[in-house]
Amino acid sequence: MSTYKLTHLKELESESIFIMREVAAQFEKPALLFSGGKDSIVMAYLAYKAFYPAAIPFPFVHIDTGHNFEETITYRDQLVKLLGAQLIIGSVEDSIAEGKAVEEKGFSASRNKLQTVTLLDTLDIHKFDAALGGARRDEEKARAKERFFSHRDEFGQWDPKNQRPELWNIFNGKKQVGEHFRVFPISNWTEMDVWQYILQENIPLPSLYYTHKREVFEREGIIYAALPEMPRRESEKIELKNVRCRTIGDITCTGLTLSSANSLEDIIGEIASSRITERGGRSDDKRSEAAMEDRKKAGYF
Amino acid sequence: MKDTTGYLDMELLRFSTAGSVDDGKSTLIGRLLYDSKSIFEDQLQAVKDASKRLGGGEEVNLALLTDGLRAEREQGITIDVAYRYFATPKRKFIIADTPGHIEYTRNMVTGASTADVAIILIDARNGIIEQSKRHSYIASLLQIPNVVVAINKMDLVDFSEDVFNKIKAEYEEIAKVLKLKNVIFIPISARDGDNVVDASNKTPWYNGETLLHLLETLPVRKDETKLPARFPVQYVIRPHSDDFHDYRAYAGRISGGRFKVGDKVTILPSKTESIITAIDEGTKSLEVAFAPQSVSIRLADNVDISRGDIIVNESEQKPTVSANISLLVCWLNHRPLNEGGKYIIRHATEETRAIIKDVHFKVNINTLENILDDKTVKMNDIAHISIKTLKPLKYDSYSENRITGSLVIIDENTFETVGAGMIVHNLEDETFTI
Ligand SMILES: Nc1nc2c(ncn2[C@@H]2O[C@H](COP(=O)(O)OP(=O)(O)O)[C@@H](O)[C@H]2O)c(=O)[nH]1
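Protein sequence lines, in the order shown, are assigned to chains A and B.
Per the working numbering, the first sequence starts with residue 1, numbered consecutively.
Per the working numbering, the second sequence starts with residue 1, numbered consecutively.
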């Protein structure tokens, strides 16, 4: 028999499943952060595979900004049912009502930053000691050096100088009381890998990822959905366009792409020839070149 | 619509890069990303702006593409392992980009631990320097199967065949001493792209492949049919549901060889025997599975197995089961190794405690000589030590298996990962004679 061959998607899947099982074995109370974006959808399916036929041994946690596309919520509820997972919701609106977070004002107001408050609060209330996230290293410069097991201090903060070396496939999740970990099982995946995996595994996606007609407007070169959650300036005119989401988050920071792609094959073709990163369509990163790094230090990913 | 079938059929290759400051490592990585069209316009624009701001004029400084965190940006150096990704129609690549300075030996070791290929950069003008030897030593220590020596800045030595051959001959001596496995030499110019992606017309005397073509064709993995099967048990799957009432499977990642349904297996350390009745991968069942697949294995008998145990093939060579272990260690922490001290050990899926029995010698990784008089093992030092573990480990030597032959040492108080260990049976046989 000749040498066995594993495709890169199989190898990435195997690595991610290994990490999810490590988390289940090493931590007392892990949780999977579910945003509704394609990366966390892939994470949900990987978790299902990792423990099948047993139930996923950790709940999904959704930090709800209250500014979600309707489709995201419908999809989330269906997925949780399909995979037999448990869902916990942390509400940014509650954090604002409780005075823990203060709503930003103005046209570029976003609840993205406030998410951090609700996230840390939710982790704290439920005493989660590890939070699995779907961040990838290829997304942004500051993430290129992120560990699979990312250590956070008592305040949920990330210290780039105090991260543990990770060698071979040995992951050290030991921690002091009060400390916790963020774990990123799909660190080594690229955007293309994620799409290819969705195609290979035949994973259903929210319709927002495919082309649809929508009322949109443009701001600083980015196309946004014209919805009540998104305040508009007088000069920002609404137009009807064929668009799709490349990544889905809170409405206020999800940029849309002009597209006619209505199948996964089309999307993959589009991405292969695309010359703009997916984060290029996210306004939260545009604020400054080091925006992501600052938010990471504060306890966001 | 694009054809996507090719992409679903690609393999994954992991490589590390090492070079001294200014040898052109960032430029080379930037070149690979750029020429393989893995750079997006918004990234490129940011780099163009930065190049201009830093006084580089209109010329794009490719090195800026791989630049990391802000603190490091300000200092103008890379101080941690950064991972980069690119793909060609043939393969997906993961680059472990590691800084080359002696202070960062630990980062190089980290980056090399998962690499299939090490690219070692040498500045054609300077030839082999002390640092090149250190990078090669690490490639040897971590047993990277392939070493590519990229002799860079050939444009500054008029693409001279003589210069190339002299460096090559000198390096071959080092490779012999270090028992490096597969060593390949390529004359390149990272800045101009010669022999990186496209063959250069300035090196007619060079008949070898371009760097990218080499990376696309080097064998990714060993022949798993020839290696002893190893399955460290990671997690026990017990659904306790009506549909799967008696289901019990052992989940893990195969760390060597292959397993088939029907195989007679031995479970260590208990030495219990059983037969594989099923191999599950998610919702599918497989007839055969091999490294590095993550699967779950079901057995014929209801045996007592837990995380940390290892399942092996009954008819193949067994791992060693012992509490006395000899290893080469790279120290990773600013607090020196404490001879006689107690530490936590993590080996495959096992965790136990250990005492450091002996520090035999340190290695001067620049001269490759042993240091016998100074046995303080500080950060970035490499040493040969012996430990005694509380629970016996089930291990192979690192040269036989990079997973069952490696371990990490964890500080009992801070829980930091302080040491990386490579298990040796017999130092003389397995590594080069130090
Ligand atoms: N002439 C020439 N210069 C090069 C080449 N590769 C890199 N350089 C230059 O060498 C300097 C250091 O390169 P850089 O990639 O930053 O080195 P690093 O410190 O190894 O990452 C830069 O000014 C590069 O433009 C090459 O092949 N030829």
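The C-beta atom is built at its ideal place from N, Cα and C for all residues, glycine as well.
Beta-carbon gap between residue i and residue j smaller than 7 Å
i	j	result
Arg106 (chain B)	Leu268 (chain B)	no
Thr352 (chain B)	Lys391 (chain B)	yes
Arg481 (chain B)	Ser255 (chain B)	Because residue 481 (chain B) is not part of the residues shown, which for chain B are 1 to 434, the question remains open.
Ala85 (chain A)	Phe60 (chain A)	yes
Ala348 (chain B)	Ser296 (chain B)	no
Phe149 (chain A)	Phe128 (chain A)	no
Leu167 (chain A)	Ser113 (chain B)	yes
Val303 (chain B)	Thr272 (chain B)	yes
Val117 (chain B)	Thr98 (chain B)	no
His384 (chain B)	Leu328 (chain B)	yes
Ser132 (chain B)	Leu178 (chain B)	no
Val23 (chain A)	Ala135 (chain A)	no
Val261 (chain B)	Glu287 (chain B)	yes
Thr118 (chain A)	Asp250 (chain A)	no
Arg244 (chain A)	Thr211 (chain A)	yes
Ile188 (chain B)	Asn165 (chain B)	no
Any non-hydrogen atom of ligand 1 within 6 Å of residue i CB
i	result
Thr352 (chain B)	no
Ser160 (chain B)	no
Lys153 (chain B)	yes
Thr27 (chain B)	yes
Asp198 (chain B)	no
Ala144 (chain A)	no
Ser189 (chain B)	yes
Val303 (chain B)	no
Asp22 (chain B)	yes
Leu156 (chain B)	yes
Gly111 (chain B)	no
Gly19 (chain B)	yes
Identity of the residues DSSP links to residue i by a beta bridge
i	result
Val424 (chain B)	According to DSSP, Val424 (chain B) bridges with nothing at all.
Ala278 (chain B)	B:Arg298
Glu369 (chain B)	B:Asn364
Thr266 (chain B)	B:Glu273 and B:Val312
Ser150 (chain A)	A:Arg182
Val110 (chain B)	Here the sequence assigns Thr to residue 110 (chain B), which means Val is not the residue at that position. Answer is none; Thr110 (chain B) lacks a bridge partner.
Phe51 (chain A)	Note: Phe51 (chain A) sits in no beta bridge, so no partner.
Val216 (chain A)	A:Ala225 and A:Glu239
Gly252 (chain B)	B:Val295
Ser91 (chain A)	A:Asp64
Phe185 (chain B)	B:Val149
Ile237 (chain B)	B:Ala249
Ser200 (chain B)	Paired residues: none, contrary to the question.
Cys245 (chain A)	A:Leu256
Ile347 (chain B)	Ile is not the amino acid found at residue 347 (chain B); the sequence shown has His there. Per DSSP, B:Glu350 and B:Leu407.
Asp97 (chain B)	B:Thr17 and B:Ala82
Phe290 (chain B)	B:Arg258
Residues that residue i contacts on chain A, provided the C-beta gap is smaller than 9 Å
i	result
Met154 (chain B)	The contacting residues do not exist; Met154 (chain B) stays about 29 Å from chain A at best.
Thr283 (chain B)	Tyr48, Lys49, Tyr52 and Pro53
Arg253 (chain B)	Ser14, Glu15, Ile17, Phe18, Arg21 and Asn169
Proximal residues of chain A, C-beta to C-beta of residue i below 8 Å
i	result
Lys92 (chain B)	His8, Thr190 and Asp193
Ser113 (chain B)	Leu167 and Trp168
Ile403 (chain B)	Trp168 and Asn169
Tyr85 (chain B)	Arg137, Asp138, Asn188 and Thr190
Glu406 (chain B)	Note that residue 406 (chain B) is Ser in the sequence shown, not Glu. Neighbours of Ser406 (chain B) on chain A, chain order: Leu167, Trp168 and Ile170.
Ala323 (chain B)	Ordered by position in chain A, no residue passes the 8 Å Cβ test against Ala323 (chain B), which lies about 19 Å from the chain.
Partners in chain B for residue i, counting only beta-carbon separations shorter than 7 Å
i	result
Ile17 (chain A)	Ser294
Ala44 (chain A)	Residues of chain B passing the Cβ test: none, with the nearest at roughly 13 Å.
Glu11 (chain A)	Leu12 and Pro292
Within chain A, partners of residue i - CB distance below 7 Å
i	result
Ala82 (chain B)	Ala144 and Lys145
Met10 (chain B)	Thr7 and His8
Leu332 (chain B)	Pro165
Within chain B, the residues that residue i reaches when beta carbons sit closer than 8 Å
i	result
Lys174 (chain A)	Ile344, Ile410 and Phe415
| said: Can you pull out the residues from the stretch 301-318 of chain B whose beta carbon lies closer than 9 Å to at least one beta carbon of chain A? | reply: Arg307
| request: Could you please tell me which residues of the stretch 227-246 of chain B, in chain order, have their CB closer than 8 Å to any CB of chain A? | output: Gln234, Tyr235, Ile237, Arg238, Pro239, His240, Ser241, Asp243 and Phe244
| query | If contact means a Cβ-Cβ distance below 9 Å, which residues of the stretch 376-393 of chain B contact chain A? | reply | none
| field | Short-range partners of chain B found in the stretch 216-230 of chain A, where Cβ spacing is below 8 Å | value | none
| If you measure beta-carbon to beta-carbon, which residues of the stretch 124-156 of chain B are closer than 8 Å to chain A? | none
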